[in-house]
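Working notes for the structure below.
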RNA sequence: CGGGGUGUGGCGCAGUUGGCUAGCGCGCCGCGUUUGGGACGCGGAGGCCGGAGGUUCAAGUCCUCUCACCCCGACCA
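Residue numbers (my numbering): -12 to 409.
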């Protein structure tokens, strides 16, 4: 895409009404727009990042048997009354509204109830199990206090997957498989080295004593975890005791207390919710049994925030290739006709080869183009100028490195297409 | 919801103990000169100072109420 055709405006200064690093940078770089506290719009580049994160998740989850669908944002009151979660005293983040008839409806903060209710139509027999469905959906949560930019918003995108299993054993098998899949997902978006499976509270409605979170170690993290780096596992401070650590196979003396950000959370619900909502199936012997339920979440926009903060430096964003909105920032420097032509040709050539190029074709000064390339965090920067042409091609520089090499067009195309998974 | 802070052109800010046509930087428009790390000159446009009420000869500045945003806390399935 040509920069002159991209809907974007970068800013030199951070907005005054944002303190968090993620929001300041994402707004400065033109990835998001703030509309209200905890309410952010995704601009073209931000949307690309979200779509890229979704693709990583989608590929892994589909591989594990997930079926993508899309539930609704309007939800029925009775459904939530069955599980005793409609009352504002029980769930204090509800947004609620009314139909013109006066009937109350809820705005989706979670989809466990509606999706499980829907399953009654599709699950009648052990032959229908297991079933794994998921979606990327906007969650609306009336948080008492939105904070930390896109890390804790009132409206955000979440991947939520639900598993419906015949037995506890079958459920456990999938649950364990999902742990691996989650780690692979976080690895692919660049957080593999600092993201850890973490034991956390099961929660009052989950029917199990623990859930598992995936926590990314980061200095601004809102959670505190006790981490065993060798085992690559941790325990959330909320539930941490030395006894629990020992019983879970940890050596409390070797655990490190660190700040972290939650990027994923998985739950076992047992069959309690199925009983409440009436989701039963016929066993081989004809007996009726409740379905065993699990849920698996990843906050997509929150993950974008964690990635932002994890990789950002003093010059701005620095996306891992797997989620970057473009792979290459191509900048022409100088207004000479031959430079223009060479840059335009290079743009066509790379684009034809499937490389995602953002071509800065503006009549702007070099410093401005470089600053934008850095701020936007595009993994590679390619510069075409009279100087580079004289040296035999264009300049190639990684966002995270300082060295610059001169490459001819063929070398460039080759190194950019062969480093797709870097 | 408790505590603290901030609201002044699109963005970032300044504005004395109340005082006359409300400033500065960035951005924007026009012309010209520039072109390897966010250029420069000249000329422009753009603001009822978050909102409502009050005190006063006079309010961006003082008082009351209110709204929004940020931070800390509580909360976070």
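Don't be surprised by glycine CBs; every beta carbon is placed ideally from N, CA and C. Treat the numbers as computed from the prediction; the structure is a model and nothing was measured.
Length of the line joining the Cα atoms of residue i and residue j
i: residue 39; j: residue 296; result: 17 angstroms
i: residue 151; j: residue 258; result: 10 angstroms
i: residue 120; j: residue 56; result: 7 angstroms
i: residue 16; j: residue 205; result: 22 angstroms
i: residue -4; j: residue 30; result: 10 angstroms
i: residue 304; j: residue 112; result: 51 angstroms
i: residue 320; j: residue 339; result: 22 angstroms
i: residue 343; j: residue 318; result: 14 angstroms
i: residue 2; j: residue 144; result: 23 angstroms
i: residue 116; j: residue 110; result: 7 angstroms
i: residue 45; j: residue 325; result: 44 angstroms
i: residue 166; j: residue 216; result: 17 angstroms
i: residue 402; j: residue 18; result: 27 angstroms
i: residue 408; j: residue 65; result: Unreliable positioning characterises residue 408 in this predicted model, as indicated by a pLDDT of 46, which lies under 50. The coordinate reading is nonetheless provided below. If I take the Cα positions, the gap works out to 48 angstroms.
i: residue 131; j: residue 26; result: 13 angstroms
i: residue 397; j: residue 236; result: 54 angstroms
i: residue 71; j: residue 254; result: 19 angstroms
i: residue 238; j: residue 229; result: 9 angstroms
i: residue 147; j: residue 54; result: 11 angstroms
i: residue 78; j: residue 309; result: 36 angstroms
i: residue 21; j: residue 28; result: 6 angstroms
i: residue 377; j: residue 371; result: 10 angstroms
i: residue 196; j: residue 189; result: 5 angstroms
i: residue 389; j: residue -12; result: 25 angstroms
i: residue 180; j: residue 300; result: 18 angstroms
i: residue 272; j: residue 256; result: 25 angstroms
Same chain, Cβ closer than 6 angstroms to residue i, neighbours up to 5 away in sequence not counted
i: residue 415; result: Given that the chain is displayed from residue -12 to residue 409, the structure contains no residue 415 and the question cannot be resolved.
i: residue 153; result: 113 and 116
i: residue 384; result: 368 and 391
i: residue 356; result: 318 and 347
i: residue 182; result: 173, 201 and 203
i: residue 118; result: 151
i: residue 7; result: 135 and 136
i: residue 323; result: 373
Cut-off 8 angstroms between Cβ atoms - residues of its own chain near residue i, not counting five sequence neighbours on either side
i: residue -9; result: 348 and 349
i: residue 307; result: 176, 177, 294, 298 and 366
i: residue 60; result: 94, 95, 124, 125 and 127
i: residue 404; result: 340, 341 and 342
i: residue 85; result: 91 and 92
Reference residue i; option with closest CA among the options
i: residue 92; options: 317, 74, 107 and 301; result: 74
i: residue 67; options: 47, 12 and 96; result: 96
i: residue 58; options: 401, 105 and 20; result: 105
i: residue 221; options: 208, 242 and 41; result: 242
i: residue 35; options: 359, 314 and 354; result: 314
i: residue 399; options: 369, 388, 373 and 377; result: 369
i: residue 49; options: 169, 100, 99 and 22; result: 169
i: residue 198; options: 159, 229, 233 and 208; result: 159
i: residue 332; options: 137, -2 and 395; result: 395
i: residue 328; options: 316, 341, 346 and 312; result: 346
i: residue 264; options: 227, 286 and 69; result: 69
i: residue 362; options: 208, 387, 335 and 76; result: 387
i: residue 358; options: 234, 379, -2 and -7; result: -2
i: residue 260; options: 360, 98 and 11; result: 98
i: residue 302; options: 354, 334, 330 and 335; result: 354
i: residue 62; options: 89, 100 and 285; result: 100
Anticipated Cβ contact below 8 angstroms, residue i with residue j, distance rounded
i: residue 210; j: residue 247; result: 5 angstroms
i: residue 133; j: residue 51; result: No, residue 133 and residue 51 are not in contact; Cβ-Cβ is about 33 angstroms, not under 8 angstroms.
i: residue 9; j: residue 364; result: About 12 angstroms; that fails the 8 angstroms criterion.
i: residue 136; j: residue 5; result: 6 angstroms
i: residue 269; j: residue 275; result: 6 angstroms
i: residue 162; j: residue 280; result: The Cβ separation is near 11 angstroms, so there is no contact.
i: residue 37; j: residue 287; result: 6 angstroms
i: residue 316; j: residue 360; result: 4 angstroms
i: residue 47; j: residue 139; result: With a Cβ gap of about 25 angstroms, residue 47 and residue 139 do not count as contacting.
Beta-carbon contacts of residue i that lie in its chain and below 7 angstroms, excluding the five residues immediately before and after
i: residue 212; result: 185, 202, 221, 222, 223, 224, 245 and 247
i: residue 375; result: 381, 382 and 393
i: residue 129; result: 80, 81, 82 and 141
i: residue 266; result: 103, 106, 107, 110, 277 and 278
i: residue 33; result: 13, 18 and 19
Residue span of the beta strand (DSSP E) that contains residue i, given as start and end
i: residue 63; result: 61 to 63
i: residue 182; result: 182 to 188
i: residue 203; result: 197 to 204
i: residue 375; result: That residue, residue 375, is in no beta strand (DSSP E); its alpha helix (DSSP H) goes 373 to 377.
i: residue 251; result: 243 to 257
i: residue 93; result: 91 to 94
Where the alpha helix (DSSP H) through residue i begins and ends
i: residue 36; result: 31 to 50
i: residue 353; result: 353 to 363
i: residue 168; result: 155 to 175
i: residue 403; result: 396 to 405
i: residue 106; result: 99 to 106
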